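J.:
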Amino acid sequence: MAEETSKKNPEIVGFCCSYCTFKASEMAGSLRMKYPEGVKVIEVPCSSRVDPAFIIKAIVEGADGVFVSGCHPGDCHFIKGNFYTRRKIAALKEMFDALSMKDRLRLFWVSASEARRFIDKVTSFYNYIKEKNDEREKA
Amino acid sequence: MKTGIFICHCGHNIKHTVDVKKLSEYFKKIPNVTVSKDYVFVCSEPGQDMIKDAIEKEGLDRVIIASCTPSLHGPMFKDVLRKSNLNPFLLRRVSIREHCAWVGNDVEANTEKAKRLILAGLYSSAHYVPLEEKIVDVQKSALVVGGGVSGLSAAIFLSKMGMHVYLVEKEAALGGHVRILKDVWPAGRDGKGIVEEMAGELEKQENVEIFTSTTITNFEGFFGNYEATLKTPEGEKRLTVGGAVLAIGFSPFDPGIKPELQYGKDKRIITTLEFENNSDTLRLPEKPRVAILHCVGSRDEQIGKPYCSRVCCVNALRVGNALKDKHKESYVESFYMDVRAHPKGGEEFFEDTQEKGVLFTRANVGEIIPTPSGVVIRGEDTLFGETFEREFDLVVLSIGMSSPKDCKLIANTFKIALDKDNFFMEAHIKLRPFDTAVKGIFIAGSCSGPKDVEESINHGRASAVKLFGLLNLGYTYVEPFISYVDPKRCSGCRMCEHACFSNAIKYDEEKRVVHVEEAACMGCGLCNATCPSSAISLRGYIDPMIDDEISGFTEAI
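From first to last, the protein sequence lines stand for chains A and B. Take 744 as the starting number for the first sequence in our numbering and just add one per residue. Take 157 as the starting number for the second sequence in our numbering and just add one per residue.
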């Protein structure tokens with residue numbers, strides 16, 4: 744039974760920059776906003792700390808989706824860390840595309856004050872993955 | 157390894173959506189976990205004592221506190237470890253309140269999520285090592301950029317409080333825009349007098365060096381020991397300063413950006429600044445007809461200046477007032493959107509001006525057409541909803557404040573952020589209005605948004621006090637979360653050196669490996685993610701920590 748539910752409900756791992764998105768996720772919690780339990784976040788100092796190897800590892804180990812989220816472009820605490828992230832994720836997406844799992848990886852920007860945006864982004868990603876999983880199961 | 161896990165109920169906050177008893181029972185069976193307890197308020201006095209006791213009795217070498225988010229109670233829990241002679245960096249906080257209990261309603265799913273979160277913390281903390289916060293000396297000197305009223309007031313205060321001050325001004329004379337004002341409202345003093353008095357006061361101080369006609373070419377380092385490079389007329393000069401106050405002011409709006417105003421094409425169309433400086437030499441007929449346009453370069457979405465410049469309404473009122481004083485028979489009409497005479501006495505001044513006979517018409521001016529007999533203004537009266545067309549002998553444009561010309565250059569040099577209007581951005585608009593995101597760098601005056609003279613002076617003083625507070629302490633802590641290199645693994649490819657934007661990574665030509673300049677490292681971890689040979693790691697966020705954290709999440713899937 745437990746296995747069945749875990750199969751149905753997607754597991755999402757998120758890498759959140761400690762200056763923006765992680766703060767937004769804290770705020771979302773304080774405001775008692777709801778999002779699916781499958782979403783779990785890891786705090787990193789800057790989104791540029793995310794090594795593509797982490798993303799691949801998470802997916803290999805069974806995560807249904809991975810997102811990376813940092814400060815809006817131009818707002819990085821480390822001046823331009825998120826520009827590096829953007830390039831890195833774009834390159835990784837190309838790789839994922841070849842394995843037809845491009846849609847399992849998402850990059851978005853959420854600033855520290857945008858708790859609502861954080862909820863919207865993770866929930867829509869979760870629902871999207873869930874839909875895809877259901878389709879696959881039916882097929 | 158002996159790990160202690162303490163799970164907080166947070167009263168009912170966590171307990172009512174997470175089965176804490178089940179969790180603490182579960183973790184008792186996990187290897188390497190010596191203590192697994194749940195408690196009603198771990199942050200309370202008895203809760204802290206419980207952790208202390210467990211560390212001392214069981215000899216714990218890792219402490220995991222599953223409670224609220226790490227940014228809350230962080231220093232307090234670190235102190236608990238310190239008091240028990242355990243390095244505070246062996247503490248792991250797991251957020252099961254903000255990231256679990258409060259964001260889901262299903263008890264079973266939440267308990268499962270909390271279990272995974274704590275498991276991830278447990279795996280990750282196995283790689284923790286004791287770290288020390290470093291104490292670094294702070295230079296008791298400050299760089300003040302900009303010699304306008306806010307820069308001058310910051311420099312005066314800093315020097316009076318005993319800091320060594322370097323004041324840098326790009327123009328030949330101190331004083332900025334206030335120097336050219338003839339009559340600073342409301343006191344009625346001339347601007348030159350004000351700035352010369354301030355400059356005189358500053359020059360009397362012994363611990364002040366003033367550089368005029370000087371620009372800043374480079375600024376690097378970290379709080380307490382910044383290195384600034386100045387380009388002076390005598391050549392390059394390098395300074396070491398503890399912190400900086402940026403007071404580079406503003407640029408007056410250039411009405412040429414709005415071609416419909418015909419500014420610069422006709423001598424009868426001038427700005428408030430030009431009116432102020434040339435009011436004696438203006439040739440006006442016996443009964444002059446004068447139009448004053450408010451909000452030129454302010455509250456205008458079309459040219460990307462949606463903000464209110466705050467000073468130009470009073471400037472426009474002053475023009476009307478001066479005209480009425482000089483020419484009793486004149487016809488003066490002010491075209492406004494809203495009159496925002498906000499400083500002290502501004503509203504009274506507005507009424508006074510109305511009483512003197514200046515007409516106020518709420519209008520959108522569409523077009524200005526210079527003709528030989530006069531300048532025609534066409535627009536729409538927004539109160540009556542009618543169009544109008546009137547002829548004037550003189551049109552005065554009440555121009556607003558734009559962001560300083562050098563804003564991007566200075567922002568890049570000092571690595572601070574600009575807001576959407578290209579003014580400097582405060583760290584927090586209400587709580588930290590003088591701070592930037594960079595420690596030890598403060599902003600003063602209208603470079604962070606339009607301000608009048610009084611506000612600018614006060615802003616300068618406030619920034620000076622804030623900087624003094626940091627410098628006077630004499631030392632600062634450096635976060636230990638910085639990168640380090642394993643020279644045995646480093647292949648000398650220098651990819652990290654190119655990636656690093658704080659120039660903290662230096663290449664050793666002889667040994668053919670890189671090393672990290674600890675003082676300059678900001679701790680973003682980009683180098684760690686870039687290194688192809690895993691030779692460079694960010695303390696506190698090394699690869700195995702994050703790898704195992706992921707494992708904690710995904711293990712049971």
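The beta-carbon is built from N, C-alpha and C at its ideal position, and this holds for glycine as well. This one's a predicted model, so the numbers in the text were calculated from it and none came from an experiment.
(1) Go through the segment 200-226 of chain B residue by residue and report every complete run of the beta strand (DSSP E) that reaches 3 residues or more, in order.
(2) Name the residue from B/Gly304, B/Gly380 and B/Val672 whose alpha carbon lies nearest to the alpha carbon of B/Asp293.
(3) Using 10 angstroms around the beta-carbon of B/Ala222, count the other beta-carbons present and answer buried if the total reaches 16, otherwise exposed.
(4) What are the residues in the segment 783-817 of chain A lying within 7 Å of chain B by C-beta distance?
(5) As a quick exercise: from B/Cys683, B/Arg474 and B/Ile350, pick the residue whose alpha carbon is nearest that of B/Ile638.
(6) I need the straight-line Cα distance from B/Phe367 to B/Ile572, nearest angstrom please.
(7) Here's the rule I'm using: 16 or more other beta-carbon atoms within 10 Å means buried, otherwise exposed. How should A/Thr748 be labelled?
(8) Run through chain A and tell me which residues come within less than 7 Å of B/Ser227, C-beta to C-beta.
(9) Leaving out five residues before and five after B/Ala210 in sequence, what residues of the same chain have Cβ atoms less than 7 Å from its Cβ?
(10) If you reduce the DSSP assignment to three classes, tell me which class B/Leu228 lands in.
(11) Can you name the start and end residues of the beta strand (DSSP E) that A/Tyr762 belongs to?
(12) Who are the neighbours of B/Asn578 on chain A, taking C-beta pairs under 9 Å?
(13) Is the number of C-beta pairs between the segment 537-552 of chain B and the segment 348-359 of chain B that are closer than 8 Å three or more?
(14) Quick one, which residues of the segment 676-697 of chain B are near chain A if we go by CB-CB under 7 Å, in chain order?
(15) Beta carbon of B/Lys607, beta carbon of B/Val452: below 9 Å?
(16) Leaving out five residues before and five after B/Arg588 in sequence, what residues of the same chain have Cβ atoms less than 8 Å from its Cβ?
(17) When you compare the CB positions of B/Val301 and B/Leu623, do they come within less than 9 Å of one another, or not?
(18) Tell me the DSSP secondary structure of B/Met581 in three-state form.
(19) Tell me which residue opens and which closes the alpha helix (DSSP H) that B/Lys482 is part of.
(20) To which residues of the same chain is B/Glu536 closer than 8 Å at the C-beta, ignoring the five residues directly before and after it?
(21) Measure the C-alpha to C-alpha separation of B/Leu629 and B/Pro231 and round it to an integer number of angstroms.
(22) With H, G and I counted as helix, E and B as strand and the rest as coil, what does DSSP make of B/Arg238?
(23) What is the DSSP secondary structure of B/Ala567, reduced to helix, strand or coil?
(24) Using the beta-carbon count (16 or more within 10 Å), is A/Glu746 buried or exposed?
(25) Determine, using beta carbons only, whether B/Ala400 comes closer than 9 Å to chain A.
(26) Between which two residues does the beta strand (DSSP E) holding A/Val865 run?
(27) Note down, in chain order, all residues in the segment 637-653 of chain B with a beta-carbon under 7 Å from any beta-carbon belonging to chain A.
(28) Helix, strand or coil for B/Ala270 per DSSP?
(29) Could you give the distance in angstroms between the alpha-carbon of B/Thr173 and the alpha-carbon of B/Gly605?
(30) Let's see if you can read the secondary structure: which residues bound the beta strand (DSSP E) around A/Val853?
(31) Compare the C-beta of A/Asp877 against all C-beta atoms of chain B and say whether one is closer than 9 Å.
(32) With a threshold of 9 Å between beta-carbons, can A/Tyr827 be considered close to chain B, or not?
(33) Give the straight-line distance between the Cα atoms of B/Phe590 and B/Cys603, rounded to the nearest whole angstrom.
(34) Output the distance between the C-alpha atoms of B/Met206 and B/Glu268, rounded to the nearest integer angstrom.
(35) Exposed or buried, which one is B/His498 when buried takes at least 16 other CB atoms within 10 Å?
(36) Please go through the segment 412-457 of chain B and give each complete alpha helix (DSSP H) segment of 4 or more residues, from N-terminal end onward.
T.: Let me spell this out:
(1) Every unbroken stretch of the beta strand (DSSP E) spanning 3 or more residues and falling wholly within the segment 200-226 of chain B is given here in chain order: 218-223.
(2) The candidate whose alpha carbon is nearest that of B/Asp293 is B/Gly380.
(3) Taking all protein chains in view, the Cβ of B/Ala222 is crowded by 16 or more other Cβ atoms within 10 Å, so the residue is classified as buried.
(4) Under the 7 Å Cβ criterion, the segment 783-817 of chain A contributes Lys783, Val784, Ile785, Val787, Pro788, Cys789, Ser791, Arg792, Val793, Asp794, Phe797, Lys800, Ala801, Glu804, Gly805 and Ala806.
(5) Selected option, being the one with the closest Cα: B/Cys683.
(6) Distance between B/Phe367 and B/Ile572, taken at the CA atoms: about 23 Å.
(7) Note that A/Thr748 has pLDDT 44, beneath the 50 cutoff, so the model's placement of it is unreliable and no number is given.
(8) Taking the beta carbon of B/Ser227 as reference, the chain A residues within 7 Å of it are Glu769, listed in sequence order.
(9) Within the same chain, B/Ala210 has close Cβ partners Gly160, Val191 and Leu216.
(10) In the structure shown, B/Leu228 sits in coil (DSSP, three-state: anything other than H, G, I, E or B).
(11) DSSP places A/Tyr762 in no beta strand (DSSP E); its state is neither H nor E.
(12) None at all; the shortest Cβ gap to chain A is about 12 Å.
(13) No: the two stretches stay apart, fewer than three of their Cβ pairs being nearer than 8 Å.
(14) Correct list: Met678, Gly679, Cys680, Gly681, Leu682, Asn684, Ala685, Leu694 and Tyr697.
(15) At a Cβ-Cβ threshold of 9 Å, B/Lys607 and B/Val452 do not count as neighbours.
(16) Within the same chain, Cβ atoms closer than 8 Å to the Cβ of B/Arg588 are found at Glu582, the five residues on either side in sequence being excluded.
(17) When the beta-carbon positions are compared, B/Val301 and B/Leu623 stay at least 9 Å from each other.
(18) Looking at B/Met581 - three-state DSSP - the assignment turns out to be coil, as it is neither helix nor strand.
(19) That run of the alpha helix (DSSP H) goes Cys468 to Lys482.
(20) Cβ neighbours of B/Glu536 beyond the five flanking positions: Ala519, Asn520, Gly522, Glu542, Thr543 and Phe544.
(21) Their Cα atoms are separated by approximately 20 Å.
(22) DSSP places B/Arg238 in helix when its eight states are reduced to three.
(23) Looking at B/Ala567 - three-state DSSP - the assignment turns out to be helix.
(24) Note on A/Glu746: pLDDT 42, under 50, position unreliable in the model; the coordinate value appears next. Exposed: under 16 other Cβ atoms inside 10 Å.
(25) With respect to chain A, the C-beta atom of B/Ala400 has no partner C-beta closer than 9 Å.
(26) Element bounds for A/Val865: not the beta strand (DSSP E) but the alpha helix (DSSP H), Ala858 to Lys881.
(27) Residues passing the 7 Å Cβ filter: Phe637.
(28) Helix, per DSSP.
(29) One alpha carbon belongs to B/Thr173, the other to B/Gly605, and they sit about 46 Å apart.
(30) Element bounds for A/Val853: n/a, residue is neither H nor E.
(31) Output row for A/Asp877: interface = no.
(32) Using beta-carbon distances, A/Tyr827 counts as an interface residue toward chain B, with a partner under 9 Å.
(33) Going by the C-alpha atoms only, they are around 11 Å apart.
(34) Each residue's Cα considered, the two are about 26 Å apart.
(35) That one is exposed.
(36) Considered as a whole, the segment 412-457 of chain B harbours 428-434 as its complete alpha helix (DSSP H) runs of no fewer than 4 residues, in chain order.
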